[in-house]
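S.K.:
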Amino acid sequence: MSETLDRPAPKPGILDIAPYVPGKSKATGGDTLYKLSSNETPLGPSPAAVAAFRAAGDTLELYPDGAATALRAAIAEAHGLAADRIVCGNGSDEVLHLAAQAYLGPGDEAIHTEHGFLVYPIAIRAAGAIPVVAPERDRTTDVDAILARVTPRTRMVFIANPNNPTGTYVPFSEVRRLHAALPRNVVLVLDAAYAEYVRRNDYESGIELAGSADNVVMTRTFSKIYGLAGLRIGWLYGPAAIVDALNRIRGPFNISGPALAAGVAAVKDRAHVEAAAAHNALWLPKVTEALEALGLAVTPSVGNFVLIHFPETPGRTAAEADDFLLSRGVVARRVTSYGFPNALRLTIGSAEANAAAIAGLAAFLGKAA
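Numbering-wise (the working numbering), the sequence shown opens with residue 25 and increments by one.
(1) Closest Cβ-Cβ distance between Thr245 and chain D: below 7 Å?
(2) In the structure shown, what three-state DSSP assignment does Gly113 receive?
(3) Skipping 5 residues on each side, what residues in its chain have a beta carbon closer than 6 Å to that of Met25?
(4) Following the continuous alpha helix (DSSP H) through Ile266, name the residue where it begins and the one where it ends.
(5) State the Cα-Cα distance for the pair Val291 and Thr93, rounded to the nearest angstrom.
(6) Tell me the DSSP secondary structure of Gly68 in three-state form.
(7) Report the rounded CA-to-CA distance for Val156 versus Phe334, giving the unit in angstroms.
(8) Closer than 6 Å by C-beta to Ala321: which residues in its own chain qualify, once you throw out the five before and the five after it? Chain order, please.
(9) Any idea what DSSP makes of Ile249, helix, strand or coil?
(10) Going by beta carbon distance, what residues of the same chain come within less than 8 Å of Asn278, once the five residues before and after it are set aside?
(11) Taking DSSP as the reference, what is the three-state secondary structure of Met25?
(12) Three or more C-beta pairs under 8 Å: does that hold for the region 257 to 269 against the region 230 to 247?
(13) Can you grab the Cα-Cα spacing for the pair Arg78 / Ala286, in whole Å?
(14) Drop a sphere of 10 angstroms on the beta-carbon of Lys248, count the other beta-carbons inside from all chains shown, and report buried for 16 or more, exposed for fewer.
(15) Count the other C-beta atoms from every protein chain shown that fall within 10 angstroms of the C-beta of Lys59, then say buried if there are 16 or more, exposed otherwise.
(16) What residues match up with Thr178 in a beta bridge as DSSP calls it?
(17) Determine the DSSP secondary structure at Phe329, reduced to helix, strand or coil.
(18) Just to confirm, are Arg200 and Asn239 a CB contact at a threshold of 7 Å?
(19) Kindly list the residues whose CB is nearer than 8 Å to the CB of Ser325, restricted to its own chain and excluding five residues on each side of it in sequence; keep chain order.
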């Protein structure tokens, strides 16, 4: 006879999940708030997306299109894809969870990298599976370390490329090498949330591999370069069989009507996306060089953020730097939960926000910016 409990108990593994804690959104001082904690675009959303969102307010009594037909068509046209192989979700978080729910269960294992996105182990445990951590090399995905952890119980591998919070990436030749060595029944999930920011000749988001392989999916988000983080839109592209499985468990109306309308308009406004990418390409090296000039170590990044490393010396730690920046209105991101207790992640913001962050750190370190 099973043990009688005096209250309901969640499934095994649920209470082992560490809840996701987002970046702070408020400062403790300063006349102006500079929120550089969540990798949001300083250019904001496309004006066309804002207009579409507002117009959708006239029909809030109607259910949205559960199939996200117009949004999938817009994404497909923008990237040269088949619309029927796209699944849209309430942020890329949802499609990551859907993939885990569809392909993981009790006793299964799923691999993610040492400093990978915190949603991966949450999705893995929520599906009843076991997260397996592969160490990184120089804060970068190590394909050999991942392959060394593949067992007969492995069913999924998660890779963020570029990775958050490190900003590092692996050349796509390495991704192809990983895929070639994985068993055919293992799903390779390529999280390309920051793909639009990368300007490297050896980088690919994974679209072609997800389009040709039976066990590869690629996920993307509207929360970063499209500036629609508040609306929660993400999508997955992959084999027809995997897309079919995800659609069978996806909620029937998982994206709101206003979000769908804004998403379509955002995808079509290529000029706005290109402007956001150009802004980042201009400021990422400037911010990196300014931080290094202050004597701070910065992990080379291809995303829209930098990972800044601080010494353990009292008075110079990341926690103290964070408190100091907050007192000046600059909100950075503590990344202790990612395995970096002595680092801060800083989003590339507007020219004014970037200057405020650099000046704040210069003052903290007692140096002239």
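Every residue gets a Cβ at the ideal spot worked out from N, C-alpha and C, and that includes glycine.
M.R.: Taking the definition as stated:
(1) Absent from the structure: chain D. Only one protein chain is present.
(2) strand
(3) Bear in mind that the predicted position of Met25 carries a pLDDT of just 45, short of 50, making it unreliable; the figure below should be weighed with that in mind. Closer than 6 Å at Cβ, skipping near neighbours: no residue.
(4) Ala264 to Ile273
(5) 14 Å
(6) coil
(7) The alpha-carbon atoms of Val156 and Phe334 are separated by roughly 28 Å.
(8) His333
(9) coil
(10) Gly90, Cys112, Gly113, Asn114 and Glu118
(11) Low confidence applies to Met25: its pLDDT is 45, below 50, so where it sits in the model is not reliable enough to give any reading.
(12) yes
(13) 9 Å
(14) buried
(15) Under this definition Lys59 is a buried residue.
(16) Paired residue(s): Glu133.
(17) strand
(18) no
(19) Counting only residues of its own chain and dropping the five nearest sequence neighbours on each side, Ser325 has a CB closer than 8 Å to the CB of Pro186, Thr190, Gly191, Thr192, Leu308, Thr312 and Leu331.
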